[in-house]
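Asks: Below is a structure I'd like to ask you about.
Right, dumping it as structure tokens:
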């Protein structure tokens, strides 16, 4: 079945440091890949997504590239801010033709703490 | 604001009781998902509905049930509550065309505390 492997946190960085959160996946078919962010006390929000191989998703300075050859979708940001402190979830979506539904698999989430 | 509305936002109840959590999906979204988030188990998929029909079931206990109504709102019923059921319960919705690229939009969650 589908699975998403995400690096465990917490990840602690100083402000303006470079961020990488690793995400790898296993899937059959042609999945779409997502990064969601959860700020304290809030629900998950879509951060970025990519729907096919070599696509790059980007938003708010964050980027991730859909690498089919390495089955990866690593999240990167060149310079983190304190306001980026949150939990980040990598997710994979696949369409199940047999049941006619979209199946979404989430990683365990990586907590990022950015200190001034 | 994602457009997904969940009520109540907070709920405290005693062990053995039953509660109902309510979700209104985004306008036009036919699919509803329920997730449980606890500190020790991360984000767990419970169940998914599409246009009133159950489509997928995850780690949902037999004490829990859900349904999606004709107006597309959904309810998650939790019964015989135990201390371990204390968690944040999320509802999410998506359009779901025949593809995998649809974004799932999450509500702000319902905090359940069982005492």
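Chains as they are written, first to last, in the working numbering: chain Y, 1 to 116; chain P, 117 to 231. Quick reminder that beta carbons are idealized off the backbone N, C-alpha and C, glycines included.
#1: Looking only at its chain, what residues have a beta carbon closer than 7 Å to the beta carbon of residue 173 (chain P), apart from the 5 residues adjacent to it on each side?
#2: Between residue 144 (chain P) and residue 187 (chain P), what straight-line distance do the alpha-carbon atoms span, to the nearest angstrom?
#3: Would you say the segment 118-132 of chain P touches the segment 16-35 of chain Y, given that touching needs at least three Cβ pairs under 8 Å?
#4: For residue 68 (chain Y), which of Y:11, Y:26, Y:100 and Y:42 has the nearest alpha-carbon?
#5: So, helix, strand or coil for residue 94 (chain Y), using DSSP?
#6: If you compare alpha carbons, which of P:149, P:176, P:154 and P:201 is closest to residue 101 (chain Y)?
#7: In chain order, what residues of the segment 176-192 of chain P put their CB closer than 8 Å to some CB of chain Y?
#8: Buried or exposed: which applies to residue 94 (chain Y), given that a residue is buried once 16 or more other Cβ atoms fall within 10 Å of its Cβ?
#9: Between residue 117 (chain Y) and the rest of its own chain, which residues show a CB-CB distance below 7 Å, the 5 nearest in sequence each way excluded?
#10: Find the residues of chain Y that neighbour residue 223 (chain P), judging by a C-beta separation of less than 8 Å, and give them in chain order.
Replies: Answer, in terms of the structure:
#1: Around residue 173 (chain P): 163.
#2: Residue 144 (chain P) and residue 187 (chain P): Cα-Cα distance of roughly 11 Å.
#3: no
#4: Closest by alpha carbon: Y:26.
#5: strand
#6: Selected option, being the one with the closest Cα: P:149.
#7: Of all residues in the segment 176-192 of chain P, none has a Cβ within less than 8 Å of some Cβ in chain Y.
#8: By the 16-neighbour rule on beta-carbons within 10 angstroms, residue 94 (chain Y) is buried.
#9: Residue 117 (chain Y) lies beyond the stretch modelled for chain Y, which goes from 1 to 116, so this question has no answer here.
#10: 43
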